[in-house]
Structures are given as C-alpha cells and as structure tokens.
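In our numbering, the protein residues as written are 1 to 293. Backbone N, C-alpha and C fix where the C-beta goes; we use that ideal spot for every residue, glycine too. All of these numbers come straight from a predicted model, not from anything done at the bench. Remarks on the structure that follows.
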C-alpha cells in the first residue's frame, strides 16, 4: 500500500470504535424507532404493524396533540427572542468592563447554565411557592395584595417556566455573544465615533451586522433548546396544571413510559423531528437570503 492509503487505513482504524458504537447504539436505535412508529407496541408485547395509523391518529384523532403543540410553540416564541436579547445585552455590558470584577460577573452569569436543570428546577419550585416562596414574599412586601399562584395557575404556569429558563439559559449564550464581540475590530467603533455616531447608531450599524453569524447560530440553538423543553416541566409541573405546560416532548415521554404506548410515542417523535428540521431549514434559507442581499 502507498503511504497515503496506509495513513487512511490507520485513521479509519482509530475512528472505527466510535463509528461502530454510533451505528449500533444511535443510528440503529433511530431506525428501530421509525419501525416502532409504524406499529402498535407497548414494550410488553410484540410489535403489531399498523402502517401510517399512528401518524394519522396524531393529526386527526388526538385531542391533546394540537394543544401540546401550541404549548411548545409558546415556549419557542417567548424564550428565543427574550434569551437572544438578554444574552446580547449582558455580553455588551460585560465586554465594556475589565478586571477581576468582570470575571466574577461572567462566572456568576454562566454558572446557572452549567448547573443541572433538575437542581435549578428544585430551587425555583421554592421561589415560585405561592405561600412561602421568595418571589411572592417580595411582591407582597412591595404592595401586591394577591400575587400570582405561579405554577398552580394555568395562566401563570407557562410564564413562570419561561422566567426560570431565561435565568438559566442567558449565561451560556452570553458567552457566545461575548466571543463574537471580541472579534469585532475596535477601529470600527473609533472611526464611527470620529464621524459622530451615537452609541445607538454604533450598535445597529456595527455591532448587530458584525454579530450576524453568531446571532444566527445562537438562534438555531435556542429554537432547538426551546422545542426540547422537558426536565423543568417534568420536575416543576408534571405537565400541569390542566395540561397548560405539557409540550410535545413531555407528551412523547408520557405516551412511551407512562402509558407504555411506545409505537405512538415513536410516531410523535418523528413528527417532532420533522418539525424541528423544517424550522431549522427555514432559518438557513432566511439566513442565505439575507446574506445574498
């Protein structure tokens, strides 16, 4: 063998354990789940082939499907813009300062994002407690006579989860924006200042365009993360009250591991996968069109 082929063979030899593991435990499981989506499978009996019945049932004969999709979209359309703006503003504030205090701020803001969502959810369960919680005690102290019931109220349960997730997620995306900000040449701001540009003009004419690629990546990651909300809902509300916080992810878990309806859960998972792929492709298309202009 030639040297080039020997190097290629050596490379494939080193990556083969990972490829074999991926093929068996990931790709194989994905194909298996698609097969289960075409069957009536309860984990306790042999799968019975149904064809597309599970998919038809989801769209035509499931009273919860569209409701939980609505809840999922609520989290997407609220979390994505709020976290995007807050993380960008935090990055700008942190980037303008220097010294040990700024490093402490970075650590404090980033810490929630690397803390277990289960642990964070348990803390916020206490904060949102309607009687003894920190938040309602504060609202009562400043004059609110009837503070919200938060997680016990269908009207406030989703906003409560959004508040908790914004607090947890902002630090991670702040670091991404901070990295992008530090790649912008300072000479651009100096030239704009010489030309008499205001801080607002510098933000919209320099910062925002120069962060376009970072913003695009952050937006995609945020959309995927918002679509996949599960742990906080599982710990804090269990889908309630009255199904007001149940999402498609939680519904998939409920169908598969509570009702033992793994065939239908697999069909829901593939529908959900197709939805996320479509949304991501739309984002890519929009980004390409913007770049073309």
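Three-state secondary structure (DSSP) of residue i
i	result
residue 230	coil
residue 245	coil
residue 195	coil
residue 144	coil
residue 128	coil
residue 183	coil
residue 190	helix
residue 296	No statement about residue 296 is possible, as the shown extent of the chain runs from 1 to 293 and does not include it.
Outcome for residue i when other beta-carbon atoms lying within 10 angstroms are tallied against a minimum of 16
i	result
residue 158	buried
residue 276	exposed
residue 212	exposed
residue 229	buried
residue 91	buried
residue 15	exposed
residue 126	exposed
residue 196	exposed
residue 278	exposed
residue 267	buried
residue 107	exposed
Between the CA atoms of residue j and residue i - distance to the nearest angstrom
i	j	result
residue 193	residue 31	57 Å
residue 292	residue 177	The predicted position of residue 292 is uncertain, since its pLDDT is 47 and thus under 50; a value taken from the coordinates is nonetheless stated next. Residue 292 and residue 177: Cα-Cα distance of roughly 23 Å.
residue 93	residue 152	36 Å
residue 321	residue 251	With the chain covering only 1 through 293, there is no way to say anything about residue 321.
residue 156	residue 199	37 Å
residue 4	residue 109	48 Å
residue 36	residue 28	12 Å
residue 174	residue 95	10 Å
residue 113	residue 25	28 Å
residue 209	residue 78	23 Å
residue 154	residue 238	13 Å
residue 265	residue 48	15 Å
residue 66	residue 286	26 Å
residue 73	residue 274	15 Å
Close-in-space but distant-in-sequence residues of the same chain around residue i (CB under 8 Å, 5 per side omitted)
i	result
residue 280	220, 223 and 224
residue 64	243, 246 and 251
residue 190	none
residue 272	227, 248, 249 and 252
Same chain, Cβ closer than 6 Å to residue i, five either side skipped, listed in chain order
i	result
residue 12	none
residue 121	232, 235 and 236
Chain C within 9 Å of residue i, Cβ atoms only
i	result
residue 193	Protein chain content of the structure displayed is limited to a single chain, and chain C is not contained in it.
7 Å CB neighbourhood of residue i in its chain, flanking five on each side removed
i	result
residue 76	223, 226 and 227
### Query
Counting pairs of beta carbons, one from the segment 159-179 and one from the segment 74-87, are three or more of them closer than 8 Å?
With the cut-off at 8 Å, the segment 159-179 and the segment 74-87 touch.
### Query
If you pair each beta-carbon of the segment 244-255 with each one of the segment 180-197, do three or more pairs fall below 8 Å?
These segments do not touch.
### Message
I'd like to know if the segment 38-52 and the segment 130-142 are in contact, where contact means that at least 3 CB-CB pairs between them fall below 8 Å.
### Response
Cβ pair count under 8 Å is below three, so no.
### Message
Three or more C-beta pairs under 8 Å: does that hold for the segment 51-61 against the segment 134-151?
### Response
Result no; under three Cβ-Cβ pairs closer than 8 Å.
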